[in-house]
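The block underneath contains the structure these notes are about, expressed in C-alpha cells.
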Amino acid sequence: MEYKGHEIDLNQKTEIFTLYISGDLYFSSASLMEVQGAIDKLIKKSKRIPAYILGGVSYSYGDQEVAYTEVEITSVSPDGDMWITDKKKNRARKRNGIFKKNAKNLELLKRIEKYRNEMAALDKTAELLKDKLEKVETLKKKEA
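Take the sequence shown: its letters are residues -12 to 131, numbered as in my numbering.
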C-alpha cells in the first residue's frame, strides 16, 4: 500500500508494516498508523525544494492557464516520483517535467509564455480572417 508517495509493505505472517527508504529498512510496526506517522515526520523533516513545472493555472490572474507554475517538492519516493505542492496547497505526484527554480529557467519559462501568448493571438487573428472568407453558395433548384 502507498501513503504520501511512500510504499508500506505488510508481512502477512507477522502482520508487521514496514517502510523502506532507498531500499533500506526505515521503520516497522504492527500499527499502520505508527508507520504513517513516521512518514509524516519524515516529510516534515525533509527540506522543501522550490521548482517550476510547465503549465498550470494562475490563481492571481483569475484562474487563467499559464506557461509555468511555481511549486515545492515536498518529498521524493524511493522510485523517483516527486510529490509537489503549489501555492494553493494542491498536491500532485510527478516524475518528469519538474525544473530547478533559478534565474536561467525563469527567463526561459517567461520566453515560452511570451511565445505561447503570441501564438494564441495569431490563432485568434487567423480565426477572424477565416470568418471573413467568402463561402460558396449552393445552387438551389428554382421552384416552378
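We put the beta carbon where it would ideally sit given N, CA and C, even for glycine.
DSSP places K88 in the coil class of the three-state scheme, outside both helix and strand. Membership of R35 in any beta strand (DSSP E) is not indicated, and neither H nor E is assigned to it by DSSP. Runs of the beta strand (DSSP E) spanning 3 or more residues and lying entirely within the stretch 56 to 116 occur at 69 to 73, 78 to 81 and 85 to 87, in chain order. Contact fails between the stretch 95 to 104 and the stretch 66 to 73, because fewer than three Cβ pairs, one in each stretch, are under 8 Å apart. Taking C-beta atoms as the reference points, Y39 and T56 count as a pair closer than 8 Å. The residue from D73, Y13 and D27 with its alpha-carbon nearest to that of G42 is D73.
When DSSP states are grouped into helix, strand and coil, E21 belongs to the helix group. Counting along the chain, E(-6) sits inside the beta strand (DSSP E) bounded by residues H(-7) to N(-2).
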